[in-house]
DNA sequence: GTGAGTGGTTTTGTATACAAGAGCGGCGCA
DNA sequence: TGCGCCGCTCTTGTATACAAAACCACTCAC
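Chains as they are written, first to last, in my numbering: chain B, 1360 to 1570; chain X, 1360 to 1570.
Here you go:
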């Protein structure tokens, strides 16, 4: 863990996601270095990464500002995630070991536990959901896919979506995860692809109708 | 153009693609800085970029080495390109202006001129092909898509594929580009998506049978 | 009053110096 | 002779200093 650089990345991204740095806010290297408590060098690396993940955009003159997303951007992000994660699911269906599938099962059990109580534990749901999807991506054994999906700004969307979920939506996620596990167990890549595509498209729908 | 950093990127990538730096070769920052003639700082940025594009991989200890690709990697790259560029074509079909379509037409005319002579001009073909695809990607008006496709290591594949093309394959590319232009003119995004998918899958096939 | 030119100021880009960690070889011991 | 430990060197990570370019505002001319 390269402390300084990763710390700068995490902190600056936090500023953006929390809204402390609203769209259009300039991201000046020295100011951020002061905030984070490191020098400009690791801040520069963090900013390059945030730029490549489109959290920030560069003005004609080379200045970085926080990027703004509109509804079309959100739809595009979901469309890309649907394509790439469906592909990951299809690959994973051919590659996942029984042990990995067992891990997925455990993960989804945790997810269901998170929403079983009187008041759903959203943070725990999100963590389990994230772990579930990450397991599939790493199970797809494609470095390229992993890189691309990591770069896809997803967390803010996932968070905003989940906070808008009602209980039936959350339950539905768990059910769809179960279907994925069935498809994996059957080693049926087409099935896995279809379920994953439906899963993510439904999330977009939930996001749209809730906002 | 930020000279030093981009220059380092281009030169180092050149070393990798030309084979001067074969898979497994360590990429040491200071040595590369000497070769390129800049300091370690821009070299570091170039290496980060090459790493994110998977031209290089990091060893457990943090050293960078040139990445090795096998047949499965090549297939995966084509599969991802097929998905993403089809999506780009579909989006472009809904967005391209008549002027942009005219540009595509001119571009494909150039491509056809490159292969019309007695001896096909491969370099010119590749440049025109690249320009054609880039126009579509920028026409899709999705920064995310553009970033991802830029990051997808494609040039080496394209080059290796085209050198294996026989004349009928080259001609076929031109024809498929014409079909894309027709689909764009008709503003038919499904048609455009299908043609692009076929176009890239055929390229994979040509690559496989020729190697 | 408006526009362009020009200076200062701010901000990024590059180079270098320093610190910390990893790999490697030699040496000693069993 | 083989294995493990220790110290050295080499490499990367971070900080800082310097150069160049961009933005801004002010002024001056028309």
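Every residue, glycine too, gets a C-beta built ideally from N, C-alpha and C.
- Helix, strand or coil: which one does DSSP assign to residue 1546 of chain B? coil
- Query: Apart from the five residues on each side of it in sequence, which residues of its chain come closer than 8 angstroms, Cβ to Cβ, to residue 1559 of chain B?
  - Reply: 1437, 1440, 1441, 1444, 1445
- Task: Compute the distance between the beta-carbons of residue 1448 of chain X and residue 1495 of chain X, then report whether it is under 7 angstroms.
- Result: yes
- If you measure from the beta carbon of residue 1552 of chain X to each beta carbon in chain B, is any gap under 7 angstroms? no
- Task: Please name the residue in B/1469, B/1491, B/1434 whose C-alpha comes closest to that of residue 1543 of chain B.
- Result: B/1491
- Query: Any Cβ of chain X within less than 7 angstroms of the Cβ of residue 1502 of chain B?
  - Reply: yes
- Task: Could you give the DSSP three-state label for residue 1385 of chain X: helix, strand or coil?
- Result: Correct three-state label for residue 1385 of chain X: strand.
- Message: Any contact between the stretch 1383-1390 of chain X and the stretch 1417-1433 of chain X? By contact I mean 3 or more CB pairs, one from each, below 8 angstroms.
- Response: yes
- Please confirm whether residue 1367 of chain X and residue 1427 of chain X have their CB atoms less than 7 angstroms apart. no
- What residue range is occupied by the uninterrupted beta strand (DSSP E) comprising residue 1450 of chain X? Unbroken run through residue 1450 of chain X is the alpha helix (DSSP H), 1430-1454; no beta strand (DSSP E).
- Anything in the stretch 1392-1426 of chain B with a Cβ closer than 9 angstroms to a Cβ of chain X? List those residues in chain order, please. 1400, 1403, 1404, 1407, 1408, 1411, 1412, 1413, 1416, 1421, 1426
- What is the C-beta distance between residue 1403 of chain B and residue 1410 of chain B, in whole angstroms, given that I count them as a contact (C-beta under 8 angstroms)? Actually they are not in contact, since the Cβ atoms of residue 1403 of chain B and residue 1410 of chain B sit about 10 angstroms apart, beyond 8 angstroms.
- Residue burial classification, residue 1499 of chain X (beta-carbon count within 10 angstroms, cutoff 16): buried
- Query: Where does residue 1478 of chain X land, buried or exposed, given buried means 16+ other C-beta within 10 angstroms?
  - Reply: The residue is exposed, with fewer than 16 neighbouring Cβ atoms inside 10 Å.
- Message: Just to check my reading of the structure: residue 1413 of chain B and residue 1502 of chain X have Cβ atoms closer than 8 angstroms, yes? What is that Cβ distance to the nearest angstrom?
- Response: Taking a contact as a CB-CB distance under 8 angstroms, the pair residue 1413 of chain B and residue 1502 of chain X counts as one, their CB atoms being some 6 angstroms apart.
- Query: Across which residues does DSSP place residue 1415 of chain X in a beta bridge pair?
  - Reply: X/1425
- Task: Measure the Cβ-Cβ separation of residue 1467 of chain B and residue 1536 of chain B and say whether it is below 7 angstroms.
- Result: yes
- Residue closest to residue 1401 of chain B, alpha-carbon to alpha-carbon, out of B/1382, B/1375, B/1362, B/1432: B/1362
- Message: Taking only three categories from DSSP, how would you classify residue 1380 of chain B?
- Response: Note: residue 1380 of chain B maps to coil in three-state DSSP.
- Task: Using a Cβ-Cβ cut-off of 7 angstroms, state whether residue 1442 of chain B counts as contacting chain X.
- Result: yes
- Task: Give the residues of chain B in contact with residue 1506 of chain X, contact being defined as C-beta atoms less than 7 angstroms apart.
- Result: Within 7 angstroms Cβ-Cβ: 1411, 1413.
- Task: Could you list which residues in chain B have their beta carbon closer than 8 angstroms to that of residue 1436 of chain X, in chain order?
- Result: 1503
- Query: If you draw a straight line from the C-alpha of residue 1460 of chain B to the C-alpha of residue 1540 of chain B, how long is it?
  - Reply: 7 angstroms
- Task: Quick one: give me the first and last residue of the alpha helix (DSSP H) that residue 1457 of chain X is part of.
- Result: 1457-1475
- Item | Short Cβ contact (7 angstroms threshold) for residue 1452 of chain B with residue 1551 of chain B | yes
- At a CB-CB cut-off below 8 angstroms, which residues of chain X make contact with residue 1446 of chain B? 1438, 1439, 1442
- Residue range of the alpha helix (DSSP H) that residue 1420 of chain X falls in? Premise fails: residue 1420 of chain X is in no alpha helix (DSSP H) and is neither H nor E.
- Item | Three-state class that DSSP yields for residue 1512 of chain X in the structure shown | coil
- Item | Helix, strand or coil at residue 1400 of chain B according to DSSP, with G and I counted as helix | Residue 1400 of chain B sits in a helix when the DSSP states are folded into three classes.
- Run of the alpha helix (DSSP H) containing residue 1493 of chain B, from where it starts to where it stops: 1481-1498
- Query: Whose C-alpha, out of B/1415, B/1549, B/1493, B/1369, is nearest the C-alpha of residue 1394 of chain B?
  - Reply: B/1369
- Message: Could you tell me the alpha carbon to alpha carbon distance between residue 1430 of chain B and residue 1456 of chain X, rounded to whole angstroms?
- Response: 22 angstroms
- Take residue 1531 of chain X and list the residues in its own chain whose beta-carbon comes closer than 8 angstroms to its own, dropping the five residues that flank it on each side. 1561
- Message: Suppose you measure from the CA of residue 1364 of chain X to the CA of residue 1505 of chain X; what does that come to, to the nearest Å?
- Response: Whole-angstrom Cα-Cα distance: 20 angstroms.
- Query: To the nearest angstrom, how far is it from the Cα of residue 1488 of chain X to the Cα of residue 1463 of chain X?
  - Reply: 10 angstroms
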